[in-house]
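Student: Let me begin by handing over the structure; questions about it come next.
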Amino acid sequence: MCTLLQETLFKAIAQAFTEHANQYLFTVCLRGTKAHKKCYLVSEGTKHFHEANEDCIAKGGTLAIPRNNDETNTLRDYGKKSMPRVSEFWLGVNDMINEGKFVDVNGMALQYFNWDRAQPNGGKRENCVFFSQSSQGKWVDEVCRTAKRYICEFLIP
């Protein structure tokens, strides 16, 4: 009897959590933009790379990781529309663990890159990546302690 009650309670809590997470995701999608089975939400302020990533994780996502030209264009257009005076946004890409080997914030190897001319060029000093509106969404490596706007990405289940 006790085990059945525990299972029922666990299922009820899990369902409530899932409903809350879905409701939050719905709110994020309404406030941000939705494309490619993802929702994107631009930050309200600037943060260092690590703080920006932690903020996105706390909201249930990660820093945005464009996987192809379409996603890059979506991020570029959304950033331009949301923050017309902001030209740089952190992406969920870095080479902190292995210099020159850029991975996403989950540690997964990337198959797509969109580097600006002469990038990456920061060596061991510049390990984090932002996209630049002034160069049509091209990527630039940067010192991670620089404060920038950022865009969080949320997967739609």
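Under our numbering, residues 11 to 167 are what the sequence shown spells out, in order.
The C-beta atom is built at its ideal place from N, Cα and C for all residues, glycine as well.
Can you find at least 3 beta carbon pairs, one from the segment 87–99 and one from the segment 48–68, that sit closer than 8 angstroms?
Tutor: Yes, they touch.
Student: With distance defined between alpha-carbon atoms, name the residue in Ile75, Thr43, Gln146, Asp126 nearest to Asn104.
Tutor: For this step, residue 104 is matched to residue 94 along the sequence shown. Asn104 has its Cα closest to that of Ile75, out of Ile75, Thr43, Gln146, Asp126.
Student: How long is the line joining the alpha carbons of Phe27 and Gly133, rounded to whole angstroms?
Tutor: Walking along the sequence shown from the start, residue 27 turns up at place 17. Walking along the sequence shown from the start, residue 133 turns up at place 123. Summary for Phe27: the model assigns pLDDT 44, below 50, so the residue's position carries little reliability; its value from the coordinates is reported in the next sentence. Phe27 and Gly133: Cα-Cα distance of roughly 43 angstroms.
Student: Rounded to the nearest angstrom, how far is the Cβ of Cys154 from that of Leu73, given a contact under 8 angstroms?
Tutor: Here residue 154 corresponds to residue number 144 of the sequence shown, with the count starting at 1. Here residue 73 corresponds to residue number 63 of the sequence shown, with the count starting at 1. The pair is not a contact, with the Cβ atoms about 12 angstroms apart (cut-off 8 angstroms).
Student: On a CA-only basis, which of Ile166, Gln146, Gly42, Val139 is nearest Asn79? Give me that one, please.
Tutor: Within the sequence shown, residue 79 is the residue found at index 69, counting from 1. Among Ile166, Gln146, Gly42, Val139, the Cα nearest to that of Asn79 belongs to Gln146.
Student: Under DSSP, the alpha helix (DSSP H) around Thr44 begins and ends at which residues?
Tutor: Counting from 1 along the sequence shown, the entry for residue 44 is found at position 34. According to the sequence as given, residue 44 is Lys; it is not Thr. Counting along the chain, Lys44 falls outside any alpha helix (DSSP H), though it belongs to the beta strand (DSSP E) covering 43–45.
Student: What residues are listed by DSSP as bridge partners for Phe112?
Tutor: Mapped onto the sequence shown, residue 112 falls at position 102. Answer is none; Phe112 lacks a bridge partner.
Student: In terms of DSSP beta bridges, what is Cys162 paired with?
Tutor: Within the sequence shown, residue 162 is the residue found at index 152, counting from 1. BP columns for Cys162 point to Leu51, Leu73.
Student: Ignore the nearest five residues each way along the sequence and tell me which others in Asn116's own chain have a CB closer than 6 angstroms to its CB.
Tutor: Locating residue 116 in the sequence shown gives position 106, counting from the first residue. Within the same chain, Asn116 has no close Cβ partners at all.
Student: Would you mind stating whether Trp100 and Phe59 have Cβ atoms separated by less than 8 angstroms?
Tutor: Your numbering for residue 100 matches position 90 in the sequence shown. Your numbering for residue 59 matches position 49 in the sequence shown. Against a cut-off of 8 angstroms, the Cβ pair of Phe59 and Trp100 comes out as a contact.
Student: Given this structure, state the Cα-to-Cα distance separating Ala68 from Arg135, to the nearest angstrom.
Tutor: For the purposes of this step, residue 68 is identified with residue 58 of the sequence shown, where counting begins at 1. For the purposes of this step, residue 135 is identified with residue 125 of the sequence shown, where counting begins at 1. If you take the alpha carbons of Ala68 and Arg135, they lie about 27 angstroms apart.
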